[in-house]
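Quick note on numbering: my numbering labels position 171 of the sequence shown as 171, and the sequence is numbered without any gaps.
Each remark here refers to the structure printed beneath this line.
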Amino acid sequence: MPIIVLDPGHGGNDSGAAGNGLQEKNLTLTIGLKVKQLLEANYIVDVRLTRTSDVFVELSDRADFANDLGASYFVSLHHNAGGGTGFESYIYPGTSASETGRCQDVLHVEIMNFLSGYGLRDRGQKEANFSVLRETSMPAILLENLFIDTVNDANLLKDPTFITGLSNAIATGIGKALKL
Ligand SMILES: [Zn+2]
């Protein structure tokens, strides 16, 4: 059965971005746990998280964890900051023509199908030399789910119905990307 690694960004003394009463590390863990639950309820998969509580994990340890498991897919969960709005996804530079890019196409579209219902902006499918993307040996993606420091985005991130819907879109997208 395929192994999927979900990577809730930040944790412990690294809170990640903060704003509007939210901390990135808490949201990424909440969504990671929900996506795991949804994937395991709907598909025959083994879903592992790089952290399951509020602890600090080095970036290289997150990649090593997935590499050692021989995971089929690595999905890193983050929230943006800096005053923008909407959603963007990242893959390692130069991998758009590979399985990594094909999976990004599928997952990005599935998530945007959900988010566009809230009028949220598609900031695009991007590439970046992030260490978890560089150091993982399987297809990998990093999701920036809205802006924690933008009031409209943060209000959605505070809404449990929205979080469940977003988690469902991520799980469904992973299922389609991996043809589960
Ligand atoms: Zn982050």
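Yeah, the Cβ is synthetic: ideal placement off N, Cα and C, and Gly gets one too.
query, result
"Report yes if the C-beta distance between Val132 and Ala177 is below 8 Å; otherwise report no.", "no"
"When the Cα of Arg62 is compared with those of Thr161, Leu38, Thr136, which residue comes out closest?", "Thr136"
"Output the boundary residues of the beta strand (DSSP E) element that contains Lys126.", "122-127"
"Measure the C-alpha to C-alpha separation of Asn152 and Asn145 and round it to an integer number of angstroms.", "13 Å"
"Go through the region 76-157 residue by residue and report every complete run of the beta strand (DSSP E) that reaches 3 residues or more, in order.", "87-91, 122-127, 140-147"
"Kindly provide the chain-ordered list of residues whose Cβ lies closer than 5 Å to any non-hydrogen atom of ligand 1.", "Gly9, Gly16, His78"
"Given Gly12, which residues of its chain have a CB within under 7 Å of its CB, disregarding the five upstream and five downstream residues?", "Asp54, Val55, Phe56"
"Under three-state DSSP, which class holds Phe65?", "helix"
"Between Arg123, Ser72, Lys36, Leu49, which lies nearest to Asn80 when the distance is taken from Cα to Cα?", "Arg123"
"DSSP three-state label for Ile3, please.", "strand"
"Among Asp159, Pro2, Phe130, which has the Cα closest to the Cα of His78?", "Phe130"
"With three or more C-beta pairs closer than 8 Å as the rule, is the region 157-170 touching the region 17-34?", "yes"
"Identify the residues that DSSP records as bridge partners of Asp14: which are they?", "Gly11"
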